[in-house]
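Participant: Numbers 134 to 402, taken from this note's numbering, label the letters of the sequence shown in order. The structure follows.
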Amino acid sequence: MRRPIRRAHLNAENRQLRRRLAALEARLTHQEVDTATSLTVERDILKIQDCQLTASTRMAALIAHELNTPLQTLENYLFLVAHGAAPEHGIQPLQLEVQNMARIVQRLLTFQIADTDEAAAISLNESIERVLLLISYQLHRQRITVRRWLAPNLPNPVLSERQLILVLFNVLLHIAAAMSAGGEISVRTGTVFSQENTAAELLIEFNGQCHSTQRAGGLERVFNSFDLLGPRLSLDSCRYLLDELGARLVDVQDLAGARKLVVSLPVYT
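Right, here's the structure in full:
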């Protein structure tokens, strides 16, 4: 004969099971909270590390850009001396670049990124000659010839010469690197008159056998095909620096061969 099921006993067991389930849920909730907190802390640590890495990368790039110009000057002067070509200004440019490197190192010791260059009236033609001297070794090595048409009596733009040289240096480096089988670079200066202002204008044209990936697409492809974390500035960086100078960078394609680009840098006085 079956024994009757006691309702009170079942209710007690049910309440006990509910308490156990509640305790288990509470423990799981605490574990989830601890896990979520741990994940949040780890994400914050990763964000801090990413910021530190980005800052370190930017500083390394700035240092590379700053040191690259004087080092290129030294390399090209040694190349000229080794080939029996006496530099026009003697060792004065070498002394200037050594002083620049010493100043860069001093800024690093005092945790300063860059100097504030004051704008001054400059000779655009002289700045161009200095840049061409900086890259003379690369041009010779890649069998690239340079033709100059530098107009006399140009207006003297008021700007930071160091910043202008940095931009022109990197633009020409990218162009030279794109000419894998040699070629010719033409450099022209002139004066442009308008109702708003007078400008000293620089045109850089190059014709030669470029990499196959750069036969179309203009100057963007010339820049974007290289490692922009290296010592060269990106096209956007060059445009940014030119904007600060009050100048502009224009990409004009040669419709005939799509291998001649014109870089126009009007610098307003």
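No residue lacks a Cβ here, since even glycine has one placed at the ideal position from N, Cα and C. No experiment lies behind these values; they were computed from the predicted model shown.
Once DSSP output is grouped into helix, strand and coil, what is the label at Asn147?
Facilitator: Asn147 falls in the helix class under three-state DSSP.
Participant: Could you pull out every residue in the same chain whose Cβ sits closer than 6 Å to the Cβ of Glu317, ignoring the five residues on either side in sequence?
Facilitator: These residues qualify, in order along the chain: Thr278 and Asn340.
Participant: Apart from the five residues on each side of it in sequence, which residues of its chain come closer than 6 Å, Cβ to Cβ, to Gln205?
Facilitator: Once the five neighbours on either side are set aside, the close Cβ partners of Gln205 are Leu267.
Participant: So, is Asn289 buried or exposed, given that buried needs 16 or more other C-beta atoms within 10 angstroms?
Facilitator: So Asn289 ends up on the exposed side.
Participant: Give me the residue from Ala159, Val304, Asn201 and Glu259 with the minimum Cα distance to Val231.
Facilitator: Ranking the options by Cα distance to Val231, first place goes to Asn201.
Participant: By how many angstroms is the C-alpha of Ile181 removed from the C-alpha of Thr173?
Facilitator: Roughly 12 Å between the two C-alpha positions.
Participant: With which residues is Ile181 paired in a DSSP beta bridge?
Facilitator: DSSP output for Ile181 lists no bridge partner at all.
Participant: Check whether the region 294 to 313 and the region 252 to 264 are in contact - that is, three or more C-beta pairs closer than 8 Å.
Facilitator: With the cut-off at 8 Å, the region 294 to 313 and the region 252 to 264 touch.
Participant: Going straight from the alpha carbon of Lys393 to that of Cys184, what length do you get?
Facilitator: For Lys393, the predicted model reports a pLDDT of 49, less than 50, meaning its position is unreliable; a value from the coordinates is still stated below. Answer to the nearest angstrom: the Cα atoms are 40 Å apart.
Participant: Can you say whether Pro285 is buried or exposed, counting buried as having 16 or more other CB atoms within 10 angstroms of its CB?
Facilitator: Pro285 should be labelled exposed.
Participant: What does the Cβ neighbour count give for Asn144, buried or exposed, with the cut at 16 atoms within 10 Å?
Facilitator: Exposed.
Participant: Mind checking whether Leu297 and Leu378 have CB atoms under 8 Å apart?
Facilitator: For Leu297 and Leu378, yes; Cβs fall inside 8 Å.
Participant: Let me know the secondary structure DSSP gives Asn209 once reduced to three states.
Facilitator: Helix.
Participant: Rounded to whole angstroms, what is the Cα-Cα separation between Leu287 and Ser327?
Facilitator: In a straight line, the C-alpha of Leu287 is about 15 Å away from that of Ser327.
Participant: According to DSSP, is Glu404 helix, strand or coil?
Facilitator: No information on residue 404 is available, as it lies outside the stretch 134 to 402 that the chain covers here.
Participant: Is the distance from the Cβ of Val320 to the Cβ of Glu334 below 8 Å?
Facilitator: Not a contact, by the Cβ cut-off of 8 Å.
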